[in-house]
Each structure stands twice: as C-alpha cells, then as structure tokens.
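What follows is a set of notes on a single structure, which appears directly below.
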Amino acid sequence: MKFETAYSLTLDDKLSIYDVRDLNFDETADFDSDKDSFLCPNDACRAAFDTGSNTLSTFNAKNVNYQRTPHFKNKTSTRHIDGCRYGSTHKTATGENDDEREENFPSEFVLTRRQYERKAPLTGAEGNIPQDAAKTPSNRVSISHSTNDSTPDKTSVFAHPVECYVSNIDDKDKLKSMPLKIGEHTATYWTFFKKIEYLQDNKGLIYWGKIKAIKDYTSSFRIDFEKKVWLDKKPYSVNVYLSKKLIENYRKRTAFLEQIKAAVDSERALYCFFYGVTPELKQVPSKKNPEQTFGVFSANIENLDHLIIREAPGVD
Ligand SMILES: [Zn+2]
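The following block contains the structure:
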C-alpha cells in the first residue's frame, strides 16, 4: 500500500513524498532522503519498534522526470503493530493500479513554502522519548500542516495536486468531487485545472496544456502551447516566459535546468502546468517586419515553484 505521509527521523516530522522530493532537489536544504529513515506515520506503531531498522522505502523520491506516482511503501521487512492501518496487505479498490494513481488529495494548496525544522542531533536514548515531549511548542515554527496521524490536508508542493489531477484523469467524477482551496478561492480539482485554450474563462486557475515547443533564448526560455486561444473568432498563440535570472536564483536550479533542458530536446508529449499568472493578450513586434505587431497571449512566470513540465498520459 502507499503511504500519504511518513515520519522522517532527521526532521522529526511527517512528510509527504512530494515534500521529500522538494527537499532532495533544494540546494539550500541539507537533506538527502537516502540518508534519512522514513518510519510509519502512526505514532503508536512507530514507538513499538526500533526506529533504526523498521523503515519504509521511497519510490521516485529523486527522479526529476517521473512517470509513475511517487510514494512511500513497506519493505518486505517492515513490521506494524496489530491494528495499524499501514500494515494492511489488502489491495485497495483500484487493485493493480494501486501504485499508479495518487489517492491522497490535499484540500488546500498553500502558496507559501513549508518550513522544515531539523531536530537537534540525537544522543543516546533520547530518540525514544515520545516526540511531543521533546518539542517545545514555543520554538516550533508554526506550520499550517497537520502533525497528527490523519491524512495531511494541505501541501505547498505544486507537484502534489498536479499528480492528483493527472493520475486520476480517467476518473472525472472523483476530480469533480474533491475540493481544492488555493488562496481565497475554493473549487474542485476538476474546475481548478483549466485547459490553456480556455484561459479566458476565469483568472487565478491552474492552467495547463500540451507543449508545442520550448525556445531557449539568451535571457529566457519560452514555452509555446499547442492549443490556441480564440478571441473574436481569431486564434491567438499562448506562451509563458521563464527568466533565466529567475532560474539562476532558484533553490532547485540544478533539477529545474535538468528538467527543462531534457524537455527542449524531448520527442515525447510534454505538458506544462502553472499557477499564479494568467496569460494576457499582448501586441508584440513581428520578426519579419518589426513595424508590424501581432497579438499573443503571454505571461511571465513569477514563481518557479508553481510551474511543472511533465508527461501526462491520457489527459488529452
Ligand atoms: Zn504502522
């Protein structure tokens, strides 16, 4: 079975696999999931076993361009106490597709990044102190994430709601029934994800579409979308610009460059998802005849945390 969250021994906190990926790629964070231990998120279950050996494995924690849904899972040696729901070997209703879809839908996409506080190094038996006793509430950074055993309800990692949408695209009823809040706006997953050609329908949504081309310019990348926006019976191209200065200063620079450079050369169908800006109609000079202008829907991406380029089989 998949775990929606796991307890990280080094961070003394429960993380989703998307948090783990975000930390692995973050060059400002001293974190490597291969050097951490991930344990059962059930507090009682975790306390019953030796933390050093009863660990979970991670799937796609480090793969920049993944196709199958990342997750934590039991190793063959992982044990759970009786009654721990993570010990169940029963297949879910989706059967063999268990590993192929994201079943934990966060109800909120938080726009400010989650802060992780590394706990002090363990000494001796201290590691066995129940975690609540070891925490001083006053110096805990107040994070808007649940630290109890229930399913975490919020995420600040954009890849998480995107994976929910993409991996469940064959289940529209589910996407139409799952709520999602971003900022002050609450809708369902289905309505929050808007095909790029319909971007005029509403502002402030997660726009997405198939990539036609990615142009590598001196100071920016331009992502052109395949579909056009129609306005007054005329079609207009849509694109977004990613400033190279923004990428240079990005905390996940290496992973991002690896991803976009692979995308530039890719022969596979790739899709771009972004949140935070809405492309607007602009008049730009024509290359052939600079005195002429033509209209294009365009936007400058402002936050690379809120943009993803990925494969998305089945969404068209
Ligand atoms: Zn357990």
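Oh and the sequence shown: position 240 is 240 in UniProt numbering, straight run, nothing missing. All C-beta atoms, glycine included, are put in the ideal place defined by N, C-alpha and C. Only a predicted model underlies this, so the values are computations on that prediction, with no experimental measurement involved.
Rounded to the nearest whole angstrom, the CA to CA distance from L15 to I214 is 33 angstroms. Nearest C-alpha to F109 among V162, T78 and T58: V162. Taking a 10 Å sphere around the C-beta of E184, we find fewer than 16 other C-beta atoms and assign the residue as exposed.
Ranking K282, F273 and K287 by CA distance to the CA of R310 puts F273 first. For Q283, the pairing in a beta bridge is given by DSSP as G295.
D265 carries a helical assignment under DSSP once its states are collapsed to helix, strand and coil. Distances from the CA of D50 to each of R79, T112 and E4 were compared; the closest alpha carbon is that of R79. Here T112 is exposed. Its C-beta has fewer than 16 other C-beta atoms within 10 Å. Residue pairing from DSSP places C272 in a beta bridge opposite G209 and I309. Approximately 6 angstroms separates the beta-carbon atoms of L304 and F256; this is inside 8 angstroms, confirming the contact. Y116 and Q283 have their C-alpha atoms roughly 44 angstroms apart. At a threshold of 7 angstroms, Y86 counts as near ligand 1, since its beta carbon sits closer than that to one of the ligand's heavy atoms. In this structure, H80 has its beta carbon less than 7 angstroms from a heavy atom of ligand 1. By the Cβ rule, the segment 163-179 does not count as touching the segment 240-256, because fewer than three pairs are nearer than 8 angstroms.
In this structure, the beta-carbon distance from P179 to T191 does not fall below 8 angstroms.
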